[in-house]
Amino acid sequence: MTPWLLGRRRESKKREAGAVGSGPACFSRLTMGTVLDIKIKRANKVYYAGEVLSGVVVISSKDPVQHQGILLTMEGLVNLQLSAKSVGMFEAFCNSVKPIQVISSSIEIVKPGKFPSGKTEIPFEFPLHVKGNKVLYETYHGVFVNIQYTLRCDLRRSLLAKDLTKICEFIIHSTPQKGKSTPSPVDFTITPETLQNVKERASLPKFLIRGHLNSTNCVITQPLTGELVVEYSEAAIKNIELQLVRVETCGCAEGYARDATEIQNIQIADGDVCRSLSVPIYMIFPRLFTCPTLETTNFKVEFEVNIVVLLHDDHLITENFPLKLCRI
Numbered sequence: 001m002t003p004w005l006l007g008r009r010r011e012s013k014k015r016e017a018g019a020v021g022s023g024p025a026c027f028s029r030l031t032m033g034t035v036l037d038i039k040i041k042r043a044n045k046v047y048y049a050g051e052v053l054s055g056v057v058v059i060s061s062k063d064p065v066q067h068q069g070i071l072l073t074m075e076g077l078v079n080l081q082l083s084a085k086s087v088g089m090f091e092a093f094c095n096s097v098k099p100i101q102v103i104s105s106s107i108e109i110v111k112p113g114k115f116p117s118g119k120t121e122i123p124f125e126f127p128l129h130v131k132g133n134k135v136l137y138e139t140y141h142g143v144f145v146n147i148q149y150t151l152r153c154d155l156r157r158s159l160l161a162k163d164l165t166k167i168c169e170f171i172i173h174s175t176p177q178k179g180k181s182t183p184s185p186v187d188f189t190i191t192p193e194t195l196q197n198v199k200e201r202a203s204l205p206k207f208l209i210r211g212h213l214n215s216t217n218c219v220i221t222q223p224l225t226g227e228l229v230v231e232y233s234e235a236a237i238k239n240i241e242l243q244l245v246r247v248e249t250c251g252c253a254e255g256y257a258r259d260a261t262e263i264q265n266i267q268i269a270d271g272d273v274c275r276s277l278s279v280p281i282y283m284i285f286p287r288l289f290t291c292p293t294l295e296t297t298n299f300k301v302e303f304e305v306n307i308v309v310l311l312h313d314d315h316l317i318t319e320n321f322p323l324k325l326c327r328i
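Per the numbering used here: the sequence shown = residues 1 to 328.
Laid out in structure tokens, this is it:
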């Protein structure tokens, strides 16, 4: 290849990189290092209805940035979906499922212009007020029901450069109930006779398990507690677990689909538990994956806990307890 052709190719590569010349390539070089970020004032990002969500939008760049304005959008949505087993049953519902908008607001925090090089911080405030009879449901990340609140920042640029977008989630907690939660202790006894959905009861080994939950009315910020005692068991025990389950119901006039899925599983005993020994029950409710028990026209979110005992002969013993979660 001749030196003249090499020179032309090198110059062409420089133009593509935006190092020389003018136009789109040069503009791309100037804005390539621009970073857009959203910083919410509260470190835990937790807010309640009626409060003011505040923070700053941060633009960082080594060079001046030309822009067509910055738009900030706050939105709260409830997204519903059906499980695969329910799709055929409720096709009408599936076709009509749309996100439920809880809150929505947009503001242009900066008019078109130019940012200087370095870091620029633009403060913002959003009042968390809803219109009409709408409610700010608590943030909840489920499988078939998802309640999420987001801030979206769009730095708009000319047609020759791609817009910059940053999305940040903030968390809504439902308004705490006044007063104290009334405990609802539950005592339980598990034997082969108390079990349901058993086909061959006579083949089950003999066992007797007693215990109690201190309350099935649970404050979401406090642990679920109780104790369990294996009084007698013919078969050796492999392990005992606590299983937290979400029960999500969504639907409309055409029908409702109810699905139970596991949130977390905690082993509270391993191996053949000593008889007549108290085994403590202790479970913390995970943040975001649980919320106060919720019931609306289109969806419900409920919770249950299962005590699961696995025997060495592979018999699985499960006792179910519905829970009611609240925030105080």
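For each residue, glycine too, the CB sits at the ideal point set by N, CA and C.
Just so you know, these numbers come straight off a predicted model, no measurement behind them.
Using the rule of at least 16 other Cβ atoms within 10 Å of the residue's Cβ for burial, across every protein chain shown, is residue i buried or exposed?
i: G211; result: buried
i: L224; result: buried
i: S22; result: Note that S22 has pLDDT 40, beneath the 50 cutoff, so the model's placement of it is unreliable and the number below is only indicative. Burial call: exposed.
i: H67; result: buried
i: D154; result: buried
i: L228; result: buried
i: V309; result: buried
i: Q349; result: A question about residue 349 goes unanswered here, because the residues of the chain that appear run from 1 up to 328.
i: P24; result: At P24, the pLDDT of 41 sits below 50, so the modelled position is not reliable; the number obtained from the coordinates is stated separately. Exposed, by the Cβ-count rule.
i: P322; result: exposed
i: G50; result: exposed
i: L316; result: exposed
i: E262; result: exposed
i: S276; result: exposed
i: G271; result: exposed
i: A257; result: buried
i: A161; result: buried
i: W4; result: Because the pLDDT of W4 is 40, which lies under 50, any placement of that residue in the model is unreliable, and the question is left without a value.
i: R201; result: exposed
i: G251; result: buried
i: E108; result: exposed
i: S96; result: Residue placement at S96 is poorly supported in this model, since its pLDDT is 48, which falls under 50; the coordinates are not used for a value here.
i: N320; result: exposed
i: V52; result: exposed
i: E367; result: No answer is possible for residue 367: it lies beyond the span of the chain, which begins at 1 and ends at 328.
i: H312; result: exposed
Closest to residue i by CA distance: which of the options is it?
i: F337; options: P112, G142, T150 and T139; result: Any property of residue 337 remains undetermined from this structure, which presents the chain solely from 1 to 328.
i: L77; options: K98, S61 and V58; result: K98
i: T34; options: F115, L71, Q81 and S106; result: F115
i: V186; options: V52, K324 and V130; result: K324
i: R327; options: S61, P176, V57 and T139; result: P176
i: S233; options: Y47, P205 and E248; result: P205
i: V273; options: E248, T191, I237 and T189; result: I237
i: K300; options: M283, D259, D314 and N306; result: D259
i: T297; options: E304, I284 and K134; result: K134
i: T290; options: D163, V279, Y137 and I100; result: Y137
i: S184; options: Q196, T216, A84 and K162; result: T216
i: K111; options: I122, S104 and V102; result: I122
i: S181; options: V247, C218, I240 and T249; result: C218
i: L302; options: I281, R246 and S278; result: Reading off the sequence shown, one finds Glu at residue 302, where the question assumed Leu. Measuring from the Cα of E302, the nearest candidate turns out to be R246.
i: Q267; options: G255, S278 and M283; result: M283
i: I307; options: A235, R157, P280 and D313; result: P280
i: L208; options: N214, I103 and P192; result: P192
i: S174; options: I190, Y48, S61 and T318; result: Y48
i: I346; options: K166, I190 and Y140; result: Not covered by the structure: residue 346. The range shown for the chain is 1 to 328.
i: V56; options: I190, G142, L36 and R201; result: L36
i: G226; options: N214, V143 and V58; result: N214
i: R156; options: I38, V65, I40 and D313; result: V65
i: D163; options: I172, R152 and F170; result: R152
i: T139; options: K199, P286, H312 and G179; result: P286
Can you name the start and end residues of the beta strand (DSSP E) that residue i belongs to?
i: R210; result: F207 to L213
i: C326; result: L316 to C326
i: A235; result: Where A235 is concerned, there is no enclosing beta strand (DSSP E), given that its DSSP letter is neither H nor E.
i: D37; result: V35 to I40
i: D187; result: V186 to I190
i: K199; result: Segment: none, K199 is in no beta strand (DSSP E) and carries neither H nor E.
i: K331; result: Limits of the chain in this structure are 1 at one end and 328 at the other, which puts residue 331 out of reach.
On the DSSP bridge assignment, give the partners of residue i in chain order.
i: F124; result: G55
i: V309; result: I240 and I317
i: F303; result: R246 and L323
i: G179; result: None; G179 has no bridge partner.
i: G226; result: L213 and I281
i: V135; result: According to DSSP, which records beta bridges pairwise, V135 is partnered with nothing at all.
i: T150; result: E75 and E169
i: L155; result: I70 and L164
i: K119; result: S60
i: V145; result: L80
i: V102; result: For V102, which the question treats as bridged, DSSP gives no partner whatsoever.
i: I220; result: DSSP lists no partner for I220.
Within 8 Å (strictly less), CB to CB, does residue i reach chain B?
i: I103; result: Absent here is chain B; the protein component of the structure consists of one chain.
Only counting runs of 3 or more residues, tell me where the beta strand (DSSP E) segments fall wholly within the region 43-72, in order along the chain. 52-61 and 65-67
Every unbroken alpha helix (DSSP H) within the region 244-295, with a cutoff of 4 residues, ordered by chain: none
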